[in-house]
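Scroll down for the structure; my scribbles are underneath it.
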Amino acid sequence: MENIASLKEKWFKKEVERLANEGVSKADIARALDIKPQYLNSVLNGSRGLADTFLDKFIEAYNINQFDLLPHDGDSTISTVSLRFMEKLDEKDAKIDHLQSELRAMTEELATLKAKYPESSTSHPEGLGPAKTASTKKHSPQPDADNATSANAQ
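Given below as structure tokens:
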């Protein structure tokens, strides 16, 4: 599968071609986007990347319905909306990978700390037992109709 950046570029080029067929020149597009024609050419020839903010400006300037960006005339280019979802998925995958590596590092650090400080050497304050025997339930002196069942269960 192609990467998202190249799919966006293909879509953008097709849209510029479509506008050209409707009589809109590259100079017109540059003016509408408030950019220099050289910048537009560098985006079209691939020497500059296609930022989402640039795409948003283009879509807004030409009133392109983002939810109706289906391929034109049998074109297999993926819609911009699909591209954005795919990009978000890629970002989420990268975040998951990052968090998994952090988790592995923390697990290793925890193992190192456990080895350095064995549990037998840790002491509990006098009068307190280990956390597993501590109770966190609140005492209710008199059961009422709402908590009668829970009071009976105690």
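At the far end of the sequence shown sits residue 154, using UniProt numbering, and the numbering has no gaps.
The beta carbon of each residue, even a glycine, is placed where N, CA and C say it ideally should be.
Note that the coordinates shown come from a computational prediction; the quantities given were computed from them, not determined experimentally.
| Item | Value |
| --- | --- |
| State the Cα-Cα distance for the pair Arg18 and Ile35, rounded to the nearest angstrom. | 20 Å |
| Does the distance from the C-beta atom of Pro37 to that of Ala51 stay below 9 Å? | no |
| Around the C-beta of Ile29, are 16 or more other C-beta atoms found within 10 angstroms, so that it is buried, or is it exposed? | buried |
| What are the uninterrupted segments assigned as alpha helix (DSSP H) that are 4 or more residues long and contained completely in the segment 28 to 114, given in chain order? | 37 to 44, 52 to 61 |
| Put Val24 into one of helix, strand or coil per three-state DSSP. | coil |
| Could you check the C-alpha separation between Val16 and Thr107 for me, to the nearest Å? | 51 Å |
| As a quick exercise: from Tyr62, Ala115, Arg84, pick the residue whose alpha carbon is nearest that of Lys8. | Arg84 |
| Can you tell which of Glu119, Gly46, Leu103, Ala105 has its C-alpha closest to the C-alpha of Ala5? | Gly46 |
| So, is Leu40 buried or exposed, given that buried needs 16 or more other C-beta atoms within 10 angstroms? | buried |
| Rounded to whole angstroms, how far is the Cβ of Phe58 from the Cβ of Leu33, which I believe are closer than 8 Å? | 6 Å |
| Whole angstroms are fine: how far does the CA of Asp93 sit from the CA of Ala105? | 18 Å |
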